[in-house]
Amino acid sequence: MRQYFNFSWCLMLALAGFTYSAKAQDIRVEAKLDKTTIALGDQTRLHLIVHLPVNGQVDFPVLADTISSKVQIVEMGKTDTIADQNNPGVKTISRQYTITSFDAGLHMIPAYTFGSKSGNFNTAALPLEVLAVKVDTTKAIYDIKEPLAVSYSFMDWLRDNWKLVLFVALGILVVVGLIWYFIKKRRNKPAKVEAPKPIVPLHTIALDKLNALKSEKLWEQGQIKQYHSELTDIIREYLEKRYEINALEQTSEEIFAGLRHLDISEQNTNKLRQMLLLADLVKFAKATPLNTDNEQSMENAISFVMNTKAVVAPLTENKVQNKDNESV
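Quick note on numbering: the sequence shown equals residues -24 to -1, 1 to 304 in mature numbering (1 follows the signal peptide of the UniProt record, and there is no 0).
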């Protein structure tokens, strides 16, 4: 019985060892180079490959920026996983690295270790030969050539900047179009016609000024000279515009001489004479008239303007302009 138990235990250990060995044999790792010989500074790719069951897992070795002091890693590529078409239970995982070297000679890519639950698996070391650039020492050494001058025409610039040119041209067209639109709109806009303003008759203007002077009460305040000066200025301006004589620059006698042949009644002439002569005495002879004389001058001025006003119907500005054009 004891011999039978020892035989069974040995058989179980043998089967476990066989199973472990079979699983270990299912994992294979390898490393290979696209080119084992490169020129100085040239590049090649290093591939790390592992073949394992679909459900298996393995840890890739971690590579730094350099493989050795003579070989550098330029770029690490992506990891690819490919299923084996002939054996669906097996997959292949590969990772590639772009490497280079700037030291001539034979360099060794070391063996890399992959870790898994079944154990560690090592790749074989790979030789990488880096060839130096051959220099022909029999030829002379020349300086580096200067950059070649390349002609750059306007058409070349236009070809490179056609989008900018098109954008600027469209902007100019838009601005010109807007200006033209607003000018045309302004021209077509109907002109604003203002209602004609009625012309104020001469006698109305004179009477308004006389009433304003009367309300100031200048002679009541002792400003007699100013009162008579403003009074005669109003009447002289009225005479100048009413009868077209230079009354503002003439003396009183010259005014009477100019009005002698006009259709003015003697009564109105006497009123004008009283007013102008009294003003001359105040301004030049420093006379001091009575209060009744001051009042009489204002009444005569108002009465003269009322009696000599034009009887023609008032004209508007447009009618006056038309009349002037017809006379021209």
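In this text, a Cβ means the ideal position worked out from N, Cα and C, and glycines have one as well.
Report buried or exposed for Trp195, applying the criterion of at least 16 other Cβ atoms within 10 angstroms of its Cβ. buried
For Tyr214, which three-state DSSP category applies? helix
Go to Gln72, then tell me how far its beta strand (DSSP E) extends in each direction, as first and last residue. Val66 to Thr76
Considering only their Cβ atoms, is the gap separating Gln61 from Arg21 smaller than 7 Å? no
Does DSSP put Phe232 in a helix, in a strand, or in coil? helix
Give the straight-line distance between the Cα atoms of Phe280 and Lys247, rounded to the nearest whole angstrom. Taking C-alpha positions only, Phe280 is separated from Lys247 by approximately 7 Å.
Three Cβ pairs or more, each shorter than 8 Å: is that satisfied between the segment 243 to 261 and the segment 139 to 150? With a cut-off of 8 Å on Cβ pairs, the segment 243 to 261 is not in contact with the segment 139 to 150, counting fewer than three such pairs.
Taking DSSP as the reference, what is the three-state secondary structure of Leu253? helix
For Ile200 versus Val258, is the C-beta distance shorter than 7 Å? yes
From which residue to which residue does the alpha helix (DSSP H) around Ser191 run? Leu178 to Glu192
Measure the alpha-carbon distance for Trp138 versus Met131 and round it to whole angstroms. Going by the C-alpha atoms only, they are around 10 Å apart.
Does the segment 49 to 58 come close enough to the segment 99 to 117 to have 3 or more Cβ pairs within less than 8 Å? no
Would you check whether the ligand MN has a heavy atom nearer than 6 Å to the C-beta of Ala59? Absence of the ligand MN from the depicted structure is noted, as is the absence of any ligand whatsoever, leaving it without description.
What separation, rounded to the nearest whole angstrom, lies between the Cα atoms of Ile155 and Val176? 44 Å
Option in Ser129, Trp133 and Thr74 with minimal Cα separation from Thr42: Of Ser129, Trp133 and Thr74, the residue nearest in Cα terms is Thr74.
Alpha carbon to alpha carbon, what distance is there between Ala7 and Phe36? Phe36 and Ala7 have their C-alpha atoms some 12 Å from each other.
Following the continuous alpha helix (DSSP H) through Gln272, name the residue where it begins and the one where it ends. Asn267 to Thr284
If you draw a straight line from the C-alpha of Leu215 to the C-alpha of Ala223, how long is it? 6 Å
Taking the CB atoms as reference points, tell me whether Ser228 and Asp256 lie closer together than 7 Å. yes
In DSSP terms, what His23 is bridged to: Lys8 and Gln72
Environment of Val152 [buried if 16+ CB atoms lie within 10 Å]: The residue in question, Val152, is exposed, as its Cβ has fewer than 16 Cβ neighbours within 10 Å.
Given a threshold of 16 other Cβ atoms within 10 Å of its Cβ, counted over all protein chains shown, does Tyr88 qualify as buried or as exposed? buried
Just list the beta strand (DSSP E) runs in the segment 50 to 133, keeping only unbroken ones of 3 residues or longer that don't cross its boundaries, in chain order. The segment 50 to 133 contains these whole beta strand (DSSP E) runs: 66 to 76, 81 to 85, 89 to 92, 95 to 98 and 102 to 107.
Less than 7 Å between the beta carbons of Thr68 and Gln48, yes or no? no
Suppose you measure from the CA of Leu266 to the CA of Asn244; what does that come to, to the nearest Å? 22 Å
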